[in-house]
Amino acid sequence: MTTTADGNAAADPGLQRHFDRRISAEQRIEPRDWMPDGYRATLVRQIAQHAHSEIIGMQPEGDWLTRAPSLRRKAILLAKVQDEAGHGLYLYAATETLGVDRADLTGRLISGRQKYSSIFNYPSRTFADVGVIGWLVDGAAICNQVPLCRSSYGPYARAMVRICKEESFHQRQGYELLLRMMAGTPEQRAMVQDATDRWWWPALMMFGPPDAESPNTQRSMAWRIKRHTNDELRQRFVDMTVPQAEKLGVTLPDPELRWNPERGHHDFGEPDWAEFRRVVSGQGPCNAERLRRRRAAHEKGAWVREAAAAYAARRQAERERTEAPA
Ligand code: FAQ
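Read in order, the letters of the sequence shown correspond to residues 0 to 325 in numbering that gives the first Met the number 0.
Pasting the structure below:
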């Protein structure tokens, strides 16, 4: 038996050719289509990590729900955090189309066997962080995720269309909050600058390691799961964000940041990749707390899962009784 570069048993060459042709013709792969094992595994890895990120990502802003400074801000924040729960659910559902079980994915998250985005391991210290998370974290998420609406796997691409629409509202509510704060007192302006200083570099790390150190990019690009490399998207984010920072009146904390007319892009400094590796390996400021709270929420929800299962079993028994021949 021959094996592929993934180490999988080689597919029927006809099926593989058909798959390759569809990928290069920009046709979507759907759940019932044949796909290489490596393609399936890459999708499960990426979509599950993305789903976990949305669910864990509710925590830094969720911390401010009971402390929002007005009813209007609370309503906006509540809607945003609820959207993130919804994004997690669409993405878990997309992962299930690949033959994995959502309960198993949750198990992998709370036991620390599967990753979620590094960004959510930083604390949200003041209400300005809510604005900066919307502006920079959702801004980076949009840059990264709009191209995923053209991802080759149908259920993922379709989920991303709706998610991106909602991320756009998230980014705007954050930026609008910051514009208001910057028109406020010197203390409010200082809070915005401080939050920008703390979130800028972690936001750049959201795009993943530099291309030269990204083991998955090349293959994911060939499969058209990812449409751009990590560094391309990071550059796009910097170029998009610099004029927004100028309009807002904050300084981005990078002395190397400047427009390069020859490249037609901004040059910028190198994120601290040692810090990135520490955070991804579980040593960030909030990793332990994020997982502890997720675990506690999961345990507290056990009765809901049991009730839902009991209800489904009862409905099934009723259906079988009424459908049974007399
Ligand atoms: N954090 O070879 P690559 C959001 C891992 S949602 C942690 O470059 P790949 C919405 C990577 O998984 C944010 N780990 O990997 C929101 C891989 O590990 P593995 C999440 C990271 O997959 C806003 C290893 O490093 N978004 O923000 C990170 O080709 C506000 C090598 O990396 C998505 O998930 C990281 N930052 O590219 C919610 C988008 N970066 O599995 C609430 C979809 C890399 O080999 C509030 N995902 N790693 O052990 C993607 O686009 C890609 O998966 C990348 C990584 C770009 C994240």
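Virtual Cβ for every residue (Gly too), placed ideally from N, Cα, C.
#1: Decide if Trp222 is buried, meaning its Cβ has at least 16 other Cβ atoms within 10 Å, or exposed.
#2: At the level of alpha carbons, what is the spacing between Trp200 and Cys285?
#3: Can you have a look at Ala311 and say buried or exposed, based on whether 16 or more other CB atoms are within 10 angstroms of its CB?
#4: Excluding the 5 residues flanking Pro146 on each side, which residues of the same chain have their C-beta closer than 6 Å to its C-beta?
#5: Quick check on Asp19: does DSSP put it in helix, strand or coil?
#6: Which residues in the same chain have their Cβ closer than 6 Å to the Cβ of Ala139, if we skip the five residues on either side of it in sequence?
#7: Go to Arg257, then tell me how far its beta strand (DSSP E) extends in each direction, as first and last residue.
#8: Span of the beta strand (DSSP E) holding His265?
#9: For the alpha helix (DSSP H) that Ser213 lies in, which residues bound it at each end?
#10: For the alpha helix (DSSP H) that contains Thr65, what are its first and last residues?
#11: If you reduce the DSSP assignment to three classes, tell me which class Tyr91 lands in.
#12: Determine, using beta carbons only, whether Val145 comes closer than 8 Å to chain B.
#13: Should Asn259 be labelled buried (16 or more other beta-carbon atoms within 10 Å of its own) or exposed?
#14: Would Arg294 and Gln58 be called neighbours here (beta carbons separated by less than 8 Å)?
#15: Can you round the beta-carbon distance between Ala47 and Thr94 to whole angstroms, since I take them to be within the 8 Å contact cut?
#16: Using the Cα positions of Gly6 and Gly37, report the straight-line distance between them to the nearest angstrom.
#17: Within the present structure, is the beta-carbon of Gly183 separated from the nearest heavy atom of the ligand FAQ by less than 7 Å?
#18: Which partner residues does Ile141 have in the DSSP bridge list?
#19: Does the Cβ of Met204 lie closer than 7 Å to at least one heavy atom of the ligand FAQ?
#20: Could you tell me if the beta carbon of Asp137 falls within a distance shorter than 7 Å of some heavy atom in the ligand FAQ?
#21: Which term fits Pro270, buried or exposed, when burial requires 16 or more other beta carbons within 10 angstroms of its beta carbon?
#22: What does the alpha-carbon distance come out to for the pair Thr195 and Arg188?
#23: In this structure, what does DSSP give as the bridge partners for Ile28?
#24: Apply the 10 Å Cβ neighbour rule to Trp33 and answer buried if 16 or more other Cβ atoms are within range, or exposed otherwise.
The answer reads as follows:
#1: buried
#2: 16 Å
#3: exposed
#4: Arg226 and His227
#5: Assigned with DSSP and collapsed to three states, Asp19 falls in helix.
#6: Ala202, Met205 and Phe236
#7: Arg257 to Asn259
#8: His264 to Asp266
#9: Looking at the DSSP string, Ser213 is not in any alpha helix (DSSP H), and its letter there is neither H nor E.
#10: Premise fails: Thr65 is in no alpha helix (DSSP H) and is neither H nor E.
#11: helix
#12: In the structure shown, chain B does not exist; there is a single protein chain.
#13: exposed
#14: no
#15: 5 Å
#16: Low per-residue confidence applies at Gly6: pLDDT is 43, beneath 50, and the placement is therefore not dependable, though the value from the model is reported in the following sentence. One C-alpha to the other measures close to 9 Å.
#17: no
#18: Answer by DSSP bridge pairing: none, since Ile141 is not bridged.
#19: yes
#20: yes
#21: So Pro270 counts as buried.
#22: 11 Å
#23: Tyr152
#24: exposed
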